[in-house]
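Undergrad: Chains A and B supply the protein sequences, listed in that same order. Position in the first sequence (from 1) plus 3 gives the number in this note's numbering. Position in the second sequence (from 1) plus 3 gives the number in this note's numbering.
There are 2 protein chains.
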Amino acid sequence: MDILKLLKPNRICIVGASEKVGFGGDTCRNVMHYMQPDRYFFVNPKYPSVFGVKCYPSMSDVPQAFDLAVICTPMGTVEDLLREAHKCGAGAAIVYASGYKETGTADGIAAQNSLKALCEELGMALLGPNCAGYVNYIDMVYPFAFIAEERDRRGSVGFVSQSGQLCLSMMENPASTFSYSISVGNCAVTSVEDFVDFLVDDEDTRVLAIYLEGLSEPQRFVNALRRAAQQKKPVVILKAGRSEKGSRVAASHTGSLAGSDSAYDALFEKFGVIRVNDLEELIYTAEAFATLKKLPESSGVASMNLSGGETGICADVGSLCGISFPDFEAETVEALRKILPFYAHPANPLDMTATLSYDIEGFASALRIVMQDPNVSLISIGYTLLENITDPAIHYMAKAIEIVSAEENSVPMLMLPFAGNTRNSEYLELLRKCGVPVLPPPLYGFRIIQHICKFAEFDISKVDTSSAIPTRSRRAERIALSEHEGKLLFASRGIRVPEEEIALSCDHAVEIAKRIGFPVVLKIMSPQIQHKTEVKGVELNLRDETAVRLAYDRIMQNVNKLRPDAYIEGILVQRMAPIGTEVIVGINNDPQLGPCVLVGMGGVFVEVFRDVQIRLAPVSETEALDMLSQLKADKLLAGYRGYPPCDREALAKLIVAVSEIAVEYKDSLVELDINPVFVYEKGVCAVDALIVFDECPQTDRGLVT
Amino acid sequence: MDILKLLKPNRICIVGASEKVGFGGDTCRNVMHYMQPDRYFFVNPKYPSVFGVKCYPSMSDVPQAFDLAVICTPMGTVEDLLREAHKCGAGAAIVYASGYKETGTADGIAAQNSLKALCEELGMALLGPNCAGYVNYIDMVYPFAFIAEERDRRGSVGFVSQSGQLCLSMMENPASTFSYSISVGNCAVTSVEDFVDFLVDDEDTRVLAIYLEGLSEPQRFVNALRRAAQQKKPVVILKAGRSEKGSRVAASHTGSLAGSDSAYDALFEKFGVIRVNDLEELIYTAEAFATLKKLPESSGVASMNLSGGETGICADVGSLCGISFPDFEAETVEALRKILPFYAHPANPLDMTATLSYDIEGFASALRIVMQDPNVSLISIGYTLLENITDPAIHYMAKAIEIVSAEENSVPMLMLPFAGNTRNSEYLELLRKCGVPVLPPPLYGFRIIQHICKFAEFDISKVDTSSAIPTRSRRAERIALSEHEGKLLFASRGIRVPEEEIALSCDHAVEIAKRIGFPVVLKIMSPQIQHKTEVKGVELNLRDETAVRLAYDRIMQNVNKLRPDAYIEGILVQRMAPIGTEVIVGINNDPQLGPCVLVGMGGVFVEVFRDVQIRLAPVSETEALDMLSQLKADKLLAGYRGYPPCDREALAKLIVAVSEIAVEYKDSLVELDINPVFVYEKGVCAVDALIVFDECPQTDRGLVT
């Protein structure tokens, strides 16, 4: 199939053309309104003409070749029409009709499978079913099933949506512009991945916006994100299912198999994808990236406002959103002092006072002074641009912005209003042309500024971009390695573990203990016993031979009494590791996206505060260090209030090594946990090991048997 | 002074009337546009008429009495004009002019003091200086210095703002309606507190909205908040200075003395004040309260939407904002199943599917079914109401909402759009009349819903509403009680402390230890030694006489060596308390708002995660328990993963007792810390005590000497 036949067709044919309200009628209206008359044909045996345009009885009667058939008729008619379209040379089709897989019924699923098989047989690129069509704003192709207010929307945001309603809502927003806007529906044939692939490589698309419920080909998606990151093309994703209830909604909506939401976070973090929470944030984040002529060079934001109240709001909400407003250099303060009224207090965020808004030269000078500050890479101009202008200040300010934005070394600027409102379209357009996006009010606006800063600083070259998507699906079996086997695997990959050996008798245990050195720990080893402490199968801090002998006997008695059924492999004799700072390192192997490595400080930090960082494996050492620095508990790792400073580099190396093990066993690993890793001032030690596979893993090193 | 002369004047006189752009011209335009012609007079010796209205040369020439003089002229003319106004019988004035205290200069401060003294002498209620005036929408009095778009803004939100710009921005928002909108400026004479007092008692005002930078009369403010809470009148406050940078901005803006921001949080929590982050949230929170005909009865929210994508956004963003979407009862699900399409999945949040939006009866039925669910007290209808309607769905939905909202037992409804936009004014008005507010998009919208739910559940009867504002200002001295003195104070107020006594010799220490029981702790007691461990002045877990003797000698040697200068009062012999869960309880005595009691789990919980709760003292036991339940660490107090369950009631009683001590010493207490309180399965014990006063406190019980 050729997706260009779908997205960039020579001509299109509307099958089921009509004047009635509904798919057929609305598509005809859209097509007539936005497309050249020689680019479309109407087909409907019932009418000789539709809205005054000739209407052919069937596709075969259409006098010219067309690439795309837009099928506006009900489900029952679709397959015959597809065959006819194919006969007429069409390589692509859109099916709006619903009643397929989204119903969750056996009939619906069967119908979708049949549709899919037919398209594969015919080699047709089909969009849908249960979709709203798409718009190609570059070549003005408009096979879209809903009417939105007339407006020039041509821009550079490529939008792919698994919800037709959100597609329409995005078009209805006065700020939105697009290269393409695509409602993918059920993705029976063409998938989200197909369109993302297309848009990442499309030169007319500067920013991708995606509403995502689930993936069908994660590997292609990951590849596309990698290419986007390499080109530094922003990808903004609204992914449903962040909350438990949201996840349930997404699953029932299109029936797509969603990977765990945290795996998506792990993926997005890796490739610098900007994750947003709702449609408003999606619209304005994408549009801000599309409007800015260049990205800021770092994350230093200056906030410039016309009143004290507004300046305070910027300071507070900006800080809440994680914006750092760097202090101005002394030269900047000095220069501002010269042009601001005597009662102004030059600082960042800056209250310029209202006087500056009536003074083109003054306002331009203030912008230039702040732009020259080496700590500032982005300027947020606080001003509520209204639809109906009652205050002439905007005339002067816009002129100053226009002048300064055209100057060399101009720093990117944004306009941040304090209340939501439709904006004056004339000034909106003027500012857009200057590369100055107008954001929504602060709670959204500063989040968007934060997204821009984070993306500007994102550097794909520091990321291990190889991917480890599982190539087979998860089996039901669960095979846990013993703690000792797990540690042998760790040790073979350069991860430090305590010295240990399995003792088969009490004398043997004493012999091992003497060899590896006291104090030691004894632990029962049995495939039937997962939780050793529950059967009193662990004895700590044994300092001499007598202690080992007594402990050995106690463990055997306890286990014989509490689990007489268990097969005893022996007793693990382990050199007791000195206590270090407890860290948890683990792997969740997502069935769709593959292994994600997790790190957090042990105990309540993970369990109560959910203070963890997750990245798609494998990770580079830089990524691992970045994960640590994003933990709230990183303060403690750095040495805080009685906590000794921790060897973060050694911990990062361990995280890298664990992520590599996970990649090696990506197809069979279910989970892996080291709880705890002891982190010392120098070095680390993996004190425990839990590794579960879904089959007996075969390795070339024979470590796992 | 009589504030009614200012806010509800019989007639007003504009002094400095003019046709030019500026204070005089804009005020004249506003007054002529909105007020009855017999309610205002223009005065300016330069013009015989202004905009065709007769203009008098001076106030004495005005033929009728007027209560309010609106002085639009520069600073230098103000005092003479005030005297003249007073002579003419005016009891109130507005001064727009700036150049006063806000400049931060000695001249400016002197001018403001002089203005204040004059108004006190004349008994005049003065608004300003450096203000934008006010609007009384109830009686249509419009002495306001800026022009906003013409619109009927009469409503029931009373707005008081310490920023004129935010006052204007609020008026410029299409959603805002007001009873009063007041720009208070520098508050030389009338204060924020005067207007809050007025609005709390004003029958035309159903909701207060306040932009606050600082207070001058905290006690009156607290009293007003108490009255508002008792009437269950919502008070929504945008308080500047949540962040460090924001706090600096607020301080430099009006020069008002801001209490610490956390003290404001402590105050707001106590009285159910809704604190918002920016203007957008202020506008729509206030307007939502004003529009709703009744408050929800509990915090169970149902989200009803027309598409899966939008339902997912509601589930995710709602959860993020702390909304609980209770599961529907089986009957609700069953009833919904009957009216929804077969492929819908009835759950909360609910995707009704788009079909219901074209069906008045169907939509009304769905609303009624959800309203009958006992877990649902508030319904959020997800729909993006656009300015220019392209989709007729709103016609049907609005009709259904209109019908259902008028029915008995109707549950409050809100409309939540997914993207920001100006809304269709016809439907906005229709919905408003039905008591259905239209919110901003989800990140704001669900925060507002959360505010409404929290306020609905707020119950002032469970709160200790007595207040403890300090009556004198803080002194520079710092007098710390010894640990032993602190504990004697605690013990006298029923707080359990370890048994302890001061030993004056080694034998004495042994004698005490034997009497109170081993194990004991020894601690050096010296007014010069604050940090006892730093001089090795503490010995723990002493189990017998020998241990006590050795420890006594070691401490004395250490202290003699490390602090030979220190005066030794003795050595404290303390029964060693069994280890419990460590909790910190403390008091910050805010110079403006008085003592605030703080609680958090010891160690990193407070220091790294800032997991603390703060309330204005005194607190009731219910409040103390509520504070505990709002800690993230409350999970641990409840007994979690190896943490023993804690006696939360005993801890709450301790918090109450500490808050009462703080109230007793509100004028002299600087800080109080118990770090840690040990909390046991049964009971608590205050193991340490740090209490600092700014003078030697005198008590009737003679405990503190």
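Note that CB positions come from ideal geometry on N, CA and C, so glycine has one too.
Assess contact between the segment 153-170 of chain A and the segment 180-194 of chain A, defined as three or more Cβ pairs (one per stretch) separated by less than 8 Å. Is contact present?
TA: yes
Undergrad: When DSSP labels each residue in this structure, what does residue 468 of chain B get in the three-state scheme?
TA: coil
Undergrad: Which chain A residues are close to residue 447 of chain B, counting only those with a beta carbon under 7 Å from its beta carbon?
TA: In chain order: 446.
Undergrad: Please tell me whether, using a cut-off of 7 Å, the distance from the CB of residue 617 of chain B to the nearest non-hydrogen atom of the ligand GDP is below it.
TA: The ligand GDP is not part of the structure shown, which contains no ligands of any sort.
Undergrad: Under DSSP, the alpha helix (DSSP H) around residue 311 of chain A begins and ends at which residues?
TA: 311-323
Undergrad: Using the C-alpha atoms, what's the distance from residue 288 of chain B back to residue 278 of chain B?
TA: 10 Å
Undergrad: Note down the Cα distance separating residue 543 of chain B from residue 519 of chain B, rounded to an integer number of angstroms.
TA: 15 Å
Undergrad: In terms of residue numbering, what span does the alpha helix (DSSP H) encompassing residue 411 of chain B cover?
TA: Run containing residue 411 of chain B: none; DSSP gives neither H nor E here.
Undergrad: Scan the segment 315-326 of chain A for residues whose Cβ lies nearer than 9 Å to a Cβ of chain B and list them as they occur along the chain.
TA: 315, 316, 317, 318, 319, 320, 321, 322, 323
Undergrad: Cβ of residue 3 of chain B within 8 Å of Cβ of residue 219 of chain B?
TA: No answer is possible for residue 3 of chain B: the residues shown for chain B start at 4 and end at 708.
Undergrad: Less than 8 Å between CB atoms is the rule here; does residue 354 of chain A satisfy it with respect to chain B?
TA: The C-beta of residue 354 of chain A comes closer than 8 Å to at least one C-beta of chain B.
Undergrad: What does the Cβ neighbour count give for residue 259 of chain A, buried or exposed, with the cut at 16 atoms within 10 Å?
TA: With a pLDDT of only 42 at residue 259 of chain A, under the threshold of 50, the placement of this residue in the model should not be trusted; the figure read from the coordinates follows. With 16 or more Cβ atoms within 10 Å of its Cβ, residue 259 of chain A is classed as buried.
Undergrad: Taking only beta-carbon atoms, is residue 703 of chain B less than 8 Å away from chain A?
TA: Note on residue 703 of chain B: pLDDT 48, under 50, position unreliable in the model; the coordinate value appears next. So, not an interface residue.
Undergrad: Return helix, strand or coil for residue 501 of chain B, following the three-state DSSP convention.
TA: Residue 501 of chain B falls in the coil class under three-state DSSP.
Undergrad: For residue 670 of chain B, which residues of its own chain have a beta-carbon under 7 Å away from its beta-carbon, when the five flanking residues on both sides are left out?
TA: 473, 474, 475
Undergrad: Counting along the chain, where does the beta strand (DSSP E) carrying residue 157 of chain B start and finish?
TA: 157-164 is the span of the beta strand (DSSP E), which, as asked, contains residue 157 of chain B.
Undergrad: Among A:344, A:350, A:663, A:654, which one has its Cα closest to the Cα of residue 333 of chain A?
TA: A:350
Undergrad: Measure the alpha-carbon distance for residue 48 of chain B versus residue 100 of chain B and round it to whole angstroms.
TA: 19 Å
Undergrad: Nearest chain B C-beta to residue 116 of chain A closer than 8 Å, yes or no?
TA: no
Undergrad: Using a Cβ-Cβ distance under 8 Å, would residue 581 of chain A count as near chain B?
TA: no
Undergrad: If you reduce the DSSP assignment to three classes, tell me which class residue 182 of chain A lands in.
TA: strand
Undergrad: At least one CB of chain B closer than 8 Å to the CB of residue 180 of chain A: is that the case?
TA: no
Undergrad: Look up residue 542 of chain B in the DSSP assignment and say whether it is helix, strand or coil.
TA: strand
Undergrad: Could one say the Cβ of residue 349 of chain B lies closer than 8 Å to chain A's Cβ atoms, at least one of them?
TA: no
Undergrad: By the criterion of Cβ-Cβ separation under 8 Å, what are the contact partners of residue 246 of chain A in chain E?
TA: This model lacks chain E altogether; the protein chains it does include are A and B.
Undergrad: Would DSSP call residue 618 of chain B helix, strand or coil?
TA: DSSP, reduced to helix, strand and coil, places residue 618 of chain B within a strand of the structure shown.
Undergrad: Alpha carbons only, please: which of A:35, A:63, A:70 is nearest the one belonging to residue 54 of chain A?
TA: A:35
Undergrad: Does DSSP put residue 31 of chain B in a helix, in a strand, or in coil?
TA: Of the three classes helix, strand and coil, the one that applies to residue 31 of chain B here is helix, per DSSP.
Undergrad: Going by beta carbon distance, what residues of the same chain come within less than 6 Å of residue 635 of chain B, once the five residues before and after it are set aside?
TA: 614
Undergrad: According to the Cβ coordinates, are residue 471 of chain B and residue 597 of chain B closer than 8 Å?
TA: Yes, the pair counts as a contact, with Cβ atoms nearer than the cut-off.
Undergrad: Are there 16 or more other CB atoms within 10 angstroms of the CB of residue 7 of chain B, so buried, or fewer, so exposed?
TA: exposed
Undergrad: Let me know if residue 591 of chain B comes out buried or exposed under the rule of 16 or more other beta-carbons within 10 Å of its beta-carbon.
TA: buried
Undergrad: When you compare the CB positions of residue 724 of chain B and residue 387 of chain B, do they come within less than 8 Å of one another, or not?
TA: This structure does not reach residue 724 of chain B, given that chain B is present from 4 up to 708, and the question cannot be answered.
Undergrad: Is it the case that the Cβ atoms of residue 571 of chain A and residue 527 of chain A are separated by a distance below 8 Å?
TA: yes
Undergrad: When the cut-off is 8 Å and only beta carbons count, does residue 105 of chain B lie next to chain A?
TA: Yes - at least one Cβ of chain A is within 8 Å of the one on residue 105 of chain B.
Undergrad: Listing by chain order, which chain A residues have their CB less than 8 Å from the CB of residue 422 of chain B?
TA: Those are 172, 173, 175, 176, 282, 283, 286, listed as they occur along chain A.
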